[in-house]
Each structure stands twice: as structure tokens, then as C-alpha cells.
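*Asks:* Before we start, here is the structure in question, set down as C-alpha cells.
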Amino acid sequence: MSPSIERVLERKREGGALTAEEIAWLVQGIVDGSVTRAQAAAFLAFTYLRGMTRDETVALTLAMRDSGQVLSWDVAGRVVDKHSTGGVGDKVSLVLAPLWAELGAYVPMISGRGLGHTGGTLDKLEAIPGFRTDLPVERLRAILSQVGCFMAGQTGQLAPADRILYALRNETSTVPSIPLITASILSKKLAEGLDELSLDVKWGTGAFMKTRQDAQALADSLVAVGEGAGVRTRARLTDMNHPLGRAIGNALEVQEAVACLKGEGPEDLAALTCELIGRDADEVAAARALLDRGGAWERWCRLVRAHGGDPDAVLQGGGCAVRVIEADSDGVVARCDAYDLGRAAFVLGAGRRAADEQVHPGVGLVVHVQQGQAVSKGQPLVSVHHADRGLDEALALVGAGVVLA
Ligand code: URA
136 MSPSIERVLE RKREGGALTA EEIAWLVQGI VDGSVTRAQA AAFLAFTYLR GMTRDETVAL
196 TLAMRDSGQV LSWDVAGRVV DKHSTGGVGD KVSLVLAPLW AELGAYVPMI SGRGLGHTGG
256 TLDKLEAIPG FRTDLPVERL RAILSQVGCF MAGQTGQLAP ADRILYALRN ETSTVPSIPL
316 ITASILSKKL AEGLDELSLD VKWGTGAFMK TRQDAQALAD SLVAVGEGAG VRTRARLTDM
376 NHPLGRAIGN ALEVQEAVAC LKGEGPEDLA ALTCELIGRD ADEVAAARAL LDRGGAWERW
436 CRLVRAHGGD PDAVLQGGGC AVRVIEADSD GVVARCDAYD LGRAAFVLGA GRRAADEQVH
496 PGVGLVVHVQ QGQAVSKGQP LVSVHHADRG LDEALALVGA GVVLA
């Protein structure tokens, strides 16, 4: 007999736990419409207020994963991916996928677009002329077995329950709930058919989680639920008070990722990429040695070509003017803030306000300094690459974000 929706909602409202069967039934009903939007909203609100046990969160994650297609791969190696909770200048995926594939893993990477001040991998890839992020699954399957990695967008068939619930969470102010965030992130990643998942949980001004403590709670939940759902899961907490690397903005970030793949990347980007790949210090060191000698560059070129792109072409997004902001005195960089700099790139057009808005591939910032660095009067601090919008606002944000003492 099917559970009664009233009983299920009542139990959640009173802080009781739901069974895996009840959660699967509820999620199925949310997707097929037999559970109304009002009932789904009540479920979210009660979950937000009452929380969920680990077992419930595992059940919710699996039910959301199973609401759509769950991919599986016929490859002779471990299937791995990483997920970042999002940051400013975070182009790790572009370096990590070919590097991990070069080390023998298979990386079926399904990524999102940027929303707000954080960038999205798909927007970055689309700065590469010809690069297609919407290839059919059969083509992705071939790329995975031939190249060892692919980088594609979410299809409508993967975890459709998350799309419905995420929109409803936005409407009902129930986004910041650890069980709901956990199930949302993991349902999509687990639908990729992974053996292993490496998580980069960011905290700080430019991150979704503002404090280290909140990021730790999310990381603990993600690891426990990922493991509970049968995927080897590990998490790193990383500081997103400062941008990662120097470039912020789509084409600028691809350029920086390419430099890193040639062994010439910024230290923080190279180090984080290798730490996310390695299960122990030896694996981190092996990844780093390979990256530093440009060992994944050729695989990046194969990946780009397999997606229809030209790795040697000039990136889209030319035609930007560059304004260089210089230090107006000698001093030390006291602040180099991820949120302000991310917002500056966003108002220039590197990010989108609504899901259907176009981004400008070329605009953004190159941040020449880091917090704590001594600078002399006249030294370049930030280069602002701008086109047709947002320059004055971006300059004000850069002024607030990079402060000398
Ligand atoms: N990212 C997701 O995919 N889901 C959330 O709920 C939050 C961040």
C-alpha cells in the first residue's frame, strides 16, 4: 500500500524520520506530479526546519539520483570525478580532468554554468572555438573510452528531481539546508556512475559557505552520504576568501588553465588540482610531477578536439579593452577579496543574472597581486578586461576588493 502524503508530511513536521521507501515514493510523486507543489514545498520547509538523519539523506540522494538516467561505463579503470561547491577563479576542472585521465583514471565530468559571482565550467569551455558541451551520451561514451575524460553539460535526463526541487527551494527560501544541499549535489554526481568522488568544499567570502565551520559540516555530510550511497568519497576544505589563481572570467581562465597544463600555472591552482586528485601524499606528488612537466597537455588537446574544439585557436572573447589599476602608493596588499573581485567580473558580463542570459567570454580580471604582498607605487594590481557594460561598477568593486595598507 502506498504511504499517505498527509502522514508522511505530518511525521516530518513533528521531527520524525521517514523510511527509505517513503522518501522514494515522495520523490517519485514530486517528479510525476502526483505530489502537489504545495506538498513538495511543505516537505522542503519541514526538512529545512527539522533536518534529516544520515539514513534519510542517503535515501533522498538515491531517490533523486534514480529519478532519471543513471549512467554506467564499460571502461578498464576507476571512474572518478570531483565537485567543487563553487568559487571565484576556480578553473580546477579544466586542469584536473586531463591530468587525472593521464594518470589512468576515467573522468566523466558533468558540469554546470555559472550563476551569480561564481563561474561555471561550461561557460569557460565555450570560450574555446567549436567546443561542444551538449554532445549525446553515446558520443560522450566514445570520448571517455578513447580520451579518458569528457566535459559536458547536465542533460534533462540526469536527476530531474533535483531540477524541480532546486527551483522550489529557491522559491521557498529552503536552499541553505545541509541535507538538501547534500542530496542535490550528490544525486547529480552519483548519476554519473562514479566509483570515487573528490570534493572541494570552499568557505570564505567568495564561497557558498561563509565560515569554515559550515563548510566542515557540509563536507562531513557529503562524505558520509556519498559513502552511504556506495561511492568512495573524500573532501577537502579550501579557503575562498581570495580568488584561485590570477584570472577571473571565462577565456582568461581557460588561458590560465592551459598555462597550468603546460607546467606554467600559478602555484595555488597546480597544488589544489593535485591535492584533489591524490588519495595520499605519493599520489599528490605523482600528479604534481606530471603536471609540472606538461604531461597532461597533449591529453587536453585530444579532449578539446574530441568535443569539436580547436586547442590552437584564439579563444573567443577578443575585442575587450584593458584598464590596468596600479598601486597609488607603496604598501602591502591588506585585502584581496574573492567576493568583490568575483562580483566585478560578474558585472562586466562574465557571469549571468538569470539562467538563460548570455555571458561575455572575454571580460574579467587578471589579479596581479596576492594578500600580504609588498607593492610599490605604480605597480599593476589588477587588469580589468571590459567590453560594453559594467566598467564603473567593476572599478568600484576592484577598489573595495584590493586594498593596500
Ligand atoms: N549546488 C547544488 O548543486 N545544489 C545545492 O543545493 C547547492 C549547491
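Adding 135 to a residue's 1-based position in the sequence shown gives its number in the numbering used here.
Just so you know, even glycine gets a beta-carbon here, dropped at the ideal spot from N, CA and C.
1. Taking the straight line between their C-alpha atoms, what separation do you get for residue 153 and residue 191?
2. Could you spell out where the beta strand (DSSP E) holding residue 515 opens and where it closes?
3. Could you tell me which uninterrupted beta strand (DSSP E) segments, each at least 3 residues in length, are contained entirely in the region 148 to 234, listed from first to last along the chain?
4. Note down, one range per segment and in chain order, each alpha helix (DSSP H) of at least 4 residues found wholly within the region 400 to 456.
5. May I ask you to check if the CB of residue 183 is nearer than 7 Å to at least one heavy atom of the ligand URA?
6. The ligand URA: which residues have Cβ under 5 Å from any of its heavy atoms, chain order?
7. What does the alpha-carbon distance come out to for the pair residue 397 and residue 316?
8. According to DSSP, is residue 527 part of a helix, a strand, or is it coil?
9. In the structure shown, what three-state DSSP assignment does residue 371 receive?
10. Would you report the Cα separation of residue 395 and residue 319, rounded to the nearest angstrom?
11. Less than 7 Å between C-beta atoms, sequence neighbours within five positions excluded: which residues of the same chain meet that for residue 176?
12. Rounded to whole angstroms, what is the Cα-Cα separation between residue 224 and residue 136?
13. So residue 379 and residue 217 are supposed to be a Cβ contact under 8 Å. How far apart are they, rounded?
14. For the beta strand (DSSP E) containing residue 467, name the first residue and the last one.
15. Going by C-alpha distance, which of 351, 376, 495 is nearest residue 369?
16. Check residue 285 in the structure and name its three-state DSSP category.
17. So residue 452 and residue 525 are in contact, right, with Cβ under 8 Å, and what is the actual spacing, rounded?
18. Helix, strand or coil, according to DSSP, for residue 298 in the structure here?
19. Spell out a yes or no on whether the region 239 to 251 and the region 273 to 293 are touching, meaning 3 or more CB-CB pairs, one atom from each, closer than 8 Å.
20. In angstroms with no decimal places, state the Cα-to-Cα distance between residue 144 and residue 362.
21. Nearest CA to the CA of residue 399: which residue from 502, 252, 424, 228?
22. In or out: residue 147 buried (at least 16 other Cβ within 10 Å) or exposed?
23. Can you tell which of 444, 228, 203 has its C-alpha closest to the C-alpha of residue 404?
24. Identify the residues that DSSP records as bridge partners of residue 499: which are they?
*Replies:* With the given structure in hand:
1. If you number the sequence shown from 1, residue 153 lands on position 18. If you number the sequence shown from 1, residue 191 lands on position 56. Here the alpha carbons of residue 191 and residue 153 stand approximately 7 Å from one another.
2. The count along the sequence shown starts at 1 and reaches residue 515 at position 380. Boundaries of the beta strand (DSSP E) harbouring residue 515: 515 to 521, taken from the DSSP string.
3. You should have 215 to 219.
4. Fully enclosed alpha helix (DSSP H) runs of 4 or longer: 402 to 412, 416 to 427, 432 to 441.
5. Indexing the sequence shown from 1 puts residue 183 at position 48. Judged by the Cβ position, residue 183 fails to qualify as a neighbour of the ligand URA at the 7 Å threshold, every heavy atom of the ligand being at least this far.
6. Result (chain order): 316, 319, 320.
7. Start at 1 with the first residue of the sequence shown, and residue 397 comes out as number 262. Start at 1 with the first residue of the sequence shown, and residue 316 comes out as number 181. Cα to Cα, residue 397 sits roughly 35 Å from residue 316.
8. As a working note, residue 527 is residue 392 in the sequence shown. In the displayed model, residue 527 falls within a helix according to three-state DSSP.
9. Within the sequence shown, the letter at position 236 stands for residue 371. The three-state reading of DSSP puts residue 371 in strand, counting E and B together.
10. Stepping through the sequence shown from its first residue, residue 395 is reached at position 260. Stepping through the sequence shown from its first residue, residue 319 is reached at position 184. Approximately 31 Å between the Cα atoms of the pair.
11. Along the sequence shown, one-based indexing puts residue 176 at 41. Take residue 176, set aside five residues on each side of it, and the residues of its chain with a beta-carbon closer than 7 Å to its own are 303, 307, in chain order.
12. Locating residue 224 in the sequence shown gives position 89, where the first residue counts as 1. Locating residue 136 in the sequence shown gives position 1, where the first residue counts as 1. The C-alpha of residue 224 lies about 51 Å from the C-alpha of residue 136.
13. For this step, residue 379 is matched to residue 244 along the sequence shown. For this step, residue 217 is matched to residue 82 along the sequence shown. Actually they do not touch by this definition, with Cβ atoms about 14 Å apart.
14. Taking the first residue of the sequence shown as 1, we reach residue 467 at position 332. That run of the beta strand (DSSP E) goes 466 to 471.
15. As a working note, residue 369 is residue 234 in the sequence shown. Distance check between residue 369 and each of 351, 376, 495 places 351 closest, using alpha-carbon atoms only.
16. As a working note, residue 285 is residue 150 in the sequence shown. Three-state DSSP puts residue 285 in a strand.
17. As a working mapping, residue 452 is identified with position 317 in the sequence shown. As a working mapping, residue 525 is identified with position 390 in the sequence shown. With a beta-carbon spacing of about 15 Å, residue 452 and residue 525 fall beyond the 8 Å limit used to define contacts.
18. To locate residue 298, count along the sequence shown from 1; it is residue 163. Reduced to three states, the DSSP call for residue 298 is helix.
19. A contact is defined here as three or more CB-CB pairs under 8 Å, and the region 239 to 251 meets this definition with respect to the region 273 to 293.
20. Position 9 of the sequence shown holds residue 144. Position 227 of the sequence shown holds residue 362. The alpha-carbon atoms of residue 144 and residue 362 are separated by roughly 27 Å.
21. Translated into the one-based positions of the sequence shown, residue 399 becomes position 264. The shortest Cα separation from residue 399 among 502, 252, 424, 228 belongs to 424.
22. Here the question's residue 147 lines up with position 12 in the sequence shown. Under this definition residue 147 is a buried residue.
23. Working through the sequence shown from its first residue, we reach residue 404 at position 269. The option with the nearest alpha carbon to residue 404 is 228.
24. Walking along the sequence shown from the start, residue 499 turns up at place 364. For residue 499, DSSP records a beta bridge to 520.
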